[in-house]
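Asker: Residue numbers (the working numbering), protein chains in the order written: chain H, 1 to 300; chain D, 1 to 300; chain X, 1 to 252; chain G, 1 to 252.
Think of the CB as a built atom: it goes at the ideal place given N, C-alpha and C, for glycine as much as any other residue.
I'd like to ask some things about the structure below.
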Amino acid sequence: MNTQVCIAGIPFKNPVMTASGTFGSGMEYEEFVDLNRLGAVVTKGVSNVPWPGNPTPRVAETYGGMLNAIGLQNPGIDLFIKRDLAFLKKYDTRVIVNVCGKSVEEYLEVVEKLSDQDVDLLEINVSCPNVKEGAIAFGQDVKALSAITKAVKEKAKQPVIMKLSPNVTDIKELAKAAEASGADAVSLINTITGMKIDIRKRCFALANKTGGLSGPAIKPVAVRMVYEAAHAVKIPVIGMGGIATAEDAIEFIMAGATAVAVGAMNFHDPYTTIKVIEGIEAFMREEKITDLESIRGCVN
Amino acid sequence: MNTQVCIAGIPFKNPVMTASGTFGSGMEYEEFVDLNRLGAVVTKGVSNVPWPGNPTPRVAETYGGMLNAIGLQNPGIDLFIKRDLAFLKKYDTRVIVNVCGKSVEEYLEVVEKLSDQDVDLLEINVSCPNVKEGAIAFGQDVKALSAITKAVKEKAKQPVIMKLSPNVTDIKELAKAAEASGADAVSLINTITGMKIDIRKRCFALANKTGGLSGPAIKPVAVRMVYEAAHAVKIPVIGMGGIATAEDAIEFIMAGATAVAVGAMNFHDPYTTIKVIEGIEAFMREEKITDLESIRGCVN
Amino acid sequence: MAKEKQTAAVIRQECIATDIYSMWIETSIADVSHPGQFISVYPKDRSKLLPRPISICETAPGRLRIVYRIAGSGTAEFAGYKSGDPIEILGPLGNGFPLDGQDALLIGGGIGIPPMLSLAKALPGKKTVVAGYKSELFLTEDFAGHADLWIATEDGSSGTKGTVLNAIRENHLTGSVIYACGPMPMLKAVKEYAIEQGIPAWISLEERMACGVGACLGCVVKTTGKDEHSNVNNARICKDGPVFDAKEVDLT
Amino acid sequence: MAKEKQTAAVIRQECIATDIYSMWIETSIADVSHPGQFISVYPKDRSKLLPRPISICETAPGRLRIVYRIAGSGTAEFAGYKSGDPIEILGPLGNGFPLDGQDALLIGGGIGIPPMLSLAKALPGKKTVVAGYKSELFLTEDFAGHADLWIATEDGSSGTKGTVLNAIRENHLTGSVIYACGPMPMLKAVKEYAIEQGIPAWISLEERMACGVGACLGCVVKTTGKDEHSNVNNARICKDGPVFDAKEVDLT
Chain H
1 MNTQVCIAGI PFKNPVMTAS GTFGSGMEYE EFVDLNRLGA VVTKGVSNVP WPGNPTPRVA
61 ETYGGMLNAI GLQNPGIDLF IKRDLAFLKK YDTRVIVNVC GKSVEEYLEV VEKLSDQDVD
121 LLEINVSCPN VKEGAIAFGQ DVKALSAITK AVKEKAKQPV IMKLSPNVTD IKELAKAAEA
181 SGADAVSLIN TITGMKIDIR KRCFALANKT GGLSGPAIKP VAVRMVYEAA HAVKIPVIGM
241 GGIATAEDAI EFIMAGATAV AVGAMNFHDP YTTIKVIEGI EAFMREEKIT DLESIRGCVN
Chain D
1 MNTQVCIAGI PFKNPVMTAS GTFGSGMEYE EFVDLNRLGA VVTKGVSNVP WPGNPTPRVA
61 ETYGGMLNAI GLQNPGIDLF IKRDLAFLKK YDTRVIVNVC GKSVEEYLEV VEKLSDQDVD
121 LLEINVSCPN VKEGAIAFGQ DVKALSAITK AVKEKAKQPV IMKLSPNVTD IKELAKAAEA
181 SGADAVSLIN TITGMKIDIR KRCFALANKT GGLSGPAIKP VAVRMVYEAA HAVKIPVIGM
241 GGIATAEDAI EFIMAGATAV AVGAMNFHDP YTTIKVIEGI EAFMREEKIT DLESIRGCVN
Chain X
1 MAKEKQTAAV IRQECIATDI YSMWIETSIA DVSHPGQFIS VYPKDRSKLL PRPISICETA
61 PGRLRIVYRI AGSGTAEFAG YKSGDPIEIL GPLGNGFPLD GQDALLIGGG IGIPPMLSLA
121 KALPGKKTVV AGYKSELFLT EDFAGHADLW IATEDGSSGT KGTVLNAIRE NHLTGSVIYA
181 CGPMPMLKAV KEYAIEQGIP AWISLEERMA CGVGACLGCV VKTTGKDEHS NVNNARICKD
241 GPVFDAKEVD LT
Chain G
1 MAKEKQTAAV IRQECIATDI YSMWIETSIA DVSHPGQFIS VYPKDRSKLL PRPISICETA
61 PGRLRIVYRI AGSGTAEFAG YKSGDPIEIL GPLGNGFPLD GQDALLIGGG IGIPPMLSLA
121 KALPGKKTVV AGYKSELFLT EDFAGHADLW IATEDGSSGT KGTVLNAIRE NHLTGSVIYA
181 CGPMPMLKAV KEYAIEQGIP AWISLEERMA CGVGACLGCV VKTTGKDEHS NVNNARICKD
241 GPVFDAKEVD LT
């Protein structure tokens, strides 16, 4: 049985990754998950300098999902390289570093510092809804997305994945812009901007007022956008949004995703990634699928 | 205790309406609900001629929600006037007719036929994701939305509500365009485009491939967009999207909605509208709120 | 026949074949229901908001029986209910079978067999039931005393090997009216057979539903004539059906 | 102290005050936990995906006790669990209290009182517990034999009328180290008091959490020093805490 997938010429032992921001750099999950079994660890976003993130409360529960407004808190690229990448080096899994910034220059600074590091791919976060400058502004506009994609591609030593925002009228346009500007892959969806109000206290549930909605609640939107993107571009699409089970992962693959990522459900069950990997193998056995590639995009 | 709200100079006994397409014209729910108690019945969309809608399956369950791709099946305006409006005349509730079409001319034909009818307001559906022509195309583009709003306002004898789509990058721009073009109110959100795949049968769960996602799953997105719209325009905002309880309804009101509509949850519990109305009154008693108006938009 | 959503109580439940469950429910809906009608059953799992339509198998005063197959995690939840457990139901829904048939031929396939039981009990005169199974039988003893029962199994382990139509032809079964419920290929074959034989046929359809009461227009079937409600040759299975005159619906 | 998510079993549960429940759970987590640590409890209601962090009140071999307040429909679900019911838990989580204090002053407010029980049982030497309630008392008898107990109630119905600080001052209570858990206004007052008296203080914080294991960065608290993990003066309550040296966290 072949669960291997390939993105930008790089083989992954299986298509199951972690969604950025839901798994740290793997350190907090290694007691639950054998990281060697993952297709890839996608790290939490890292910026050129340490970012403090937003005030608390930063998370809120919603029906079948959750809102978060962490605000991309991270220790900065220098400590990240020294500590997080050193940690990940111990494992036999692909490492994808999620990169964030408030300006093209800030993104490029991180990309350059990663150029001689043991990193397999870069994921450029142009879709975080929870920081005031940068991030999502690059992901909601075709011109801005094209510009940052080109700039990153010029500097990057590793293949580049552009992580797209679902908070757009037409995801196809954004995916095509990323492809045309040289992106090696796109990943989607980031969270959908949402809000929750505590009606007894008459205040927002999140200090940031709005946050990003994730979890099984948004899966149908994610599957639709992955399908649209996969039919609009030829580069690989990494699908995510509410994946809780192997069935969910396969739904994304049948919609056209080359790989998938488990996000918010890591919080519900720290073993989710492994269960998804094992469930995909079980599904392949039951359905007599020898190569995962044979079902990719099979529904259209 | 005053639960009355006012839209375009028209008073409603309470802010609880039915979301278009989830309540027919009330006929199928009168065995469960005393229609006289509703703030308004918003009818299923009606077009100039009968529409057959999409092939089946037209509905699919999702986590905390559902997808539908009915495709605006309706008996056409003539039978609608003769039968549905005649039925609604028996009740002491406001009647809002949802109008759909594939071209501006088709919308206007319906609007004109309603001009001498006993209808309190019109809701112009420019946001249905499930028909190929018209509908959502008018709701995703500022220019198209402005044009149809102006055209309808010119012909309409009743106040006009523009029903907006959440499948846009910036809901504020659309709400502002509707207001600037003369709309008396906006209602939102219509459904979010989604997809579900049956991985065993390797086919789409809906014959239409995509459908509109509704239900509690999408409430955080709806609250956020209602909040954004209510802060962008001065005309009333009618909020909807996943309302299941009075608490949900109050959340929308605190986000800035003048009125609210119960949608998909009518299918889960046909008594939902009444429970929401009674729950709002109970909340007002508990919190010593004498006028609902006093909490509208109180969180910001 | 006013519809009601209520919390009823499970009287008892048993597994009567692989993945097939029989549940008796204590509910006032039993007393206003009619053979061929169905109830909507709502999972308690709050991630699932839509009801599962399940046909009424039979009724007794103040209680009704459903026999259903586990088709997913919603029905799997129902299968776990024990005596005394609450169950959320809405009903009675749909139109049911017309009961004026004489010398009726009742045809059920798989999970379409259960509604034939209440129909067999309600119809006057001679009744012939043809029940089609994959292999494992269920409900066969329940028909005793109410109808002559003929069986078809796909693997030939009981009765006629093949479909219900094979059983009908092999045993020269006939009647003056046909009632049928089962999978679409069976219903198509029954419709064809009925036309060929010039026998009126009532068939019960199923489709994905949302509201169950005719409001959402989720579960329509194409009709040969323009029905009064839709004005577009689309009848609602949940409200105008689930039982239709076979000639009036387009099963293609 | 490896963390584990497991399906444990409820041994017994009782309501010990209005909306306050005490539940004993059979779990191996009991044997590797430490006073001041907590467990994440996951609702079965599938519309709720995030766990509820609940502090460990006390442990015995193979079993632990939680005492919690119904704060919403998630904890209301837990309150309905009966003996033998499964319960989904993850733990042990967080750092817990340092146990090297002598002559300790333990301060608990409301639902911050339960973790003080396991702490009182684990600490050596003289222990004084000050427990603050709105009005209705709970757990008071459990401290007998483990610590001297002083009570404050907001309405004055028992002990000192007012806050835990009122009780401390009124009764001239003191110690060489303070441990505190309770609502933020109480923790602020305790911190102030500890600084004023020059007594070291360990306080246990709470915040909305998602993962419970330090990955999501949802539940941070501002720290006076730059902590090693965040590099930005933001410690994780679930992982670096919930217990902090009062001087090192910014409660403003």
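In the segment 40 to 56 of chain G, which residues sit with their C-beta less than 9 angstroms from some C-beta in chain H, listed in chain order?
Answerer: The segment 40 to 56 of chain G vs chain H, Cβ under 9 angstroms: 42, 46, 47, 48, 49, 50, 51.
Asker: Could you name the residues of the segment 95 to 109 of chain G whose beta carbon sits closer than 8 angstroms to any beta carbon of chain H, in the order they occur along the chain?
Answerer: Cβ contacts with chain H come from no residue of the segment 95 to 109 of chain G.
Asker: Counting only runs of 3+ residues fully inside the segment 40 to 124 of chain X, write out the beta strand (DSSP E) ranges in chain order.
Answerer: Within the segment 40 to 124 of chain X, the complete beta strand (DSSP E) runs of at least 3 residues are 52 to 60, 63 to 69, 86 to 93, 104 to 109.
Asker: Looking only at its chain, what residues have a beta carbon closer than 7 angstroms to the beta carbon of residue 277 of chain H, apart from the 5 residues adjacent to it on each side?
Answerer: Closer than 7 angstroms at the Cβ level, and outside the excluded window around residue 277 of chain H, lie 14, 16, 37.
Asker: Consult DSSP for residue 112 of chain H and reduce its assignment to one of helix, strand or coil.
Answerer: Here residue 112 of chain H sits in helix by DSSP.
Asker: Among the candidates H/177, H/265, H/168, H/65, whose CA atom is the shortest distance from the CA of residue 215 of chain D?
Answerer: Comparing Cα-Cα distances from residue 215 of chain D to each of H/177, H/265, H/168, H/65, the minimum goes to H/65.
Asker: In whole angstroms, give me the CA-to-CA distance for residue 97 of chain H and residue 172 of chain D.
Answerer: When rounded, the distance between both Cα atoms is 34 angstroms.
Asker: Rounded to whole angstroms, what is the Cα-Cα separation between residue 169 of chain G and residue 187 of chain G?
Answerer: Whole-angstrom Cα-Cα distance: 16 angstroms.
Asker: So what does DSSP say about residue 194 of chain G, is it helix, strand or coil?
Answerer: DSSP places residue 194 of chain G in helix when its eight states are reduced to three.
Asker: Please check the pair residue 212 of chain D and residue 129 of chain D, which I expect to be a contact at CB under 8 angstroms, by giving their CB distance rounded to whole angstroms.
Answerer: Right, the Cβ-Cβ distance comes to about 5 angstroms (below 8 angstroms), so this counts as a contact.
Asker: Against chain H, with Cβ distances strictly below 9 angstroms, would residue 89 of chain D count as a contact?
Answerer: Output row for residue 89 of chain D: interface = no.
Asker: Examine chain G for any beta-carbon lying closer than 9 angstroms to the beta-carbon of residue 270 of chain H, and answer yes or no.
Answerer: Yes, its Cβ sits closer than 9 angstroms to a Cβ of chain G.
Asker: Could you pull out every residue in the same chain whose Cβ sits closer than 6 angstroms to the Cβ of residue 246 of chain X, ignoring the five residues on either side in sequence?
Answerer: Contacts found: 191, 194, 201, 203.
Asker: Report the neighbours of residue 168 of chain D on chain H: residues whose CB is nearer than 7 angstroms to its CB, in chain order.
Answerer: Per Cβ cutoff of 7 angstroms: 169.
Asker: Mind checking which residues open and close the alpha helix (DSSP H) that includes residue 272 of chain D?
Answerer: Unbroken alpha helix (DSSP H) run through residue 272 of chain D: 272 to 286.
Asker: Decide yes or no for the touch test of the segment 61 to 68 of chain G against the segment 11 to 25 of chain G: beta carbon pairs closer than 8 angstroms, at least 3 of them.
Answerer: Yes, they touch.
Asker: Going by the DSSP bridge assignment, what does residue 148 of chain G pair with across the sheet?
Answerer: According to DSSP, which records beta bridges pairwise, residue 148 of chain G is partnered with G/128.
Asker: Over what stretch of residues does the beta strand (DSSP E) that includes residue 122 of chain D continue unbroken?
Answerer: Run containing residue 122 of chain D: 121 to 125, per the beta strand (DSSP E) assignment.
Asker: Could you please give the first and the last residue of the uninterrupted alpha helix (DSSP H) stretch that includes residue 266 of chain D?
Answerer: Its alpha helix (DSSP H) spans residues 265 to 268.
Asker: Go through its chain and collect everything with a Cβ distance to residue 57 of chain G's Cβ below 7 angstroms, but skip five positions before and after it.
Answerer: Result list for residue 57 of chain G: 65, 66, 67, 114, 115, 117, 118, in chain order.
Asker: Using the rule of at least 16 other Cβ atoms within 10 Å of the residue's Cβ for burial, across every protein chain shown, is residue 83 of chain X buried or exposed?
Answerer: Exposed: under 16 other Cβ atoms inside 10 Å.
Asker: Can you tell me which residues form a DSSP beta bridge with residue 17 of chain X?
Answerer: In DSSP, residue 17 of chain X forms a bridge with X/20.
Asker: Taking a Cβ distance cut-off of 8 angstroms, strictly less, list which residues of the segment 52 to 68 of chain H are near chain G, in chain order.
Answerer: Residues passing the 8 angstroms Cβ filter: 52, 53, 56, 57, 58, 59, 60, 61, 63, 64, 65, 66, 68.
Asker: So what's residue 209 of chain D in DSSP terms, helix, strand or just coil?
Answerer: In this structure, residue 209 of chain D counts as coil in the three-state DSSP scheme.
Asker: Whole angstroms is fine: what's the gap from residue 150 of chain G's alpha carbon to residue 159 of chain G's?
Answerer: Distance between the alpha carbons of residue 150 of chain G and residue 159 of chain G is about 7 angstroms.
Asker: Rounded to whole angstroms, what is the Cα-Cα separation between residue 180 of chain G and residue 81 of chain G?
Answerer: One C-alpha to the other measures close to 29 angstroms.
Asker: So, does the CB of residue 154 of chain G fall closer than 9 angstroms to a CB anywhere in chain H?
Answerer: Closer than 9 angstroms: no.
Asker: The segment 214 to 230 of chain X: which residues have C-beta closer than 8 angstroms to a C-beta of chain D, in chain order?
Answerer: Correct list: 214, 215, 216, 217, 218, 219, 220, 221, 229, 230.
Asker: Quick one: list the residues of chain D neighbouring residue 234 of chain X, beta-carbon separation under 9 angstroms, in chain order.
Answerer: Correct list: 52, 53, 73.
Asker: Check the Cβ of residue 251 of chain D against every Cβ in chain H and list those closer than 7 angstroms, keeping chain order.
Answerer: Within 7 angstroms Cβ-Cβ: 197, 199.
Asker: Is the beta carbon of residue 75 of chain H less than 9 angstroms from the beta carbon of residue 122 of chain H?
Answerer: Contact flag unset, no.
Asker: On the DSSP letters alone, give me the boundaries of the alpha helix (DSSP H) that residue 248 of chain D sits inside.
Answerer: First-last of the alpha helix (DSSP H) with residue 248 of chain D: 246 to 255.
Asker: Cβ closer than 9 angstroms: which chain D residues qualify as neighbours of residue 15 of chain X?
Answerer: Those do not exist, as residue 15 of chain X stays about 23 angstroms from chain D at its closest Cβ, beyond 9 angstroms.
Asker: Below 8 angstroms on the Cβ atoms is my contact criterion, and I expect residue 77 of chain G with residue 43 of chain G to pass it. Report the Cβ-Cβ distance as a whole number of Å.
Answerer: With 8 angstroms as the limit, residue 77 of chain G and residue 43 of chain G qualify as a contact, their Cβ atoms being about 5 angstroms apart.
Asker: Going by DSSP, what residue range makes up the alpha helix (DSSP H) through residue 11 of chain D?
Answerer: Where residue 11 of chain D is concerned, there is no enclosing alpha helix (DSSP H), although the beta strand (DSSP E) it sits in stretches over 10 to 12.
Asker: Does DSSP put residue 138 of chain X in a helix, in a strand, or in coil?
Answerer: Coil at residue 138 of chain X, not helix or strand.
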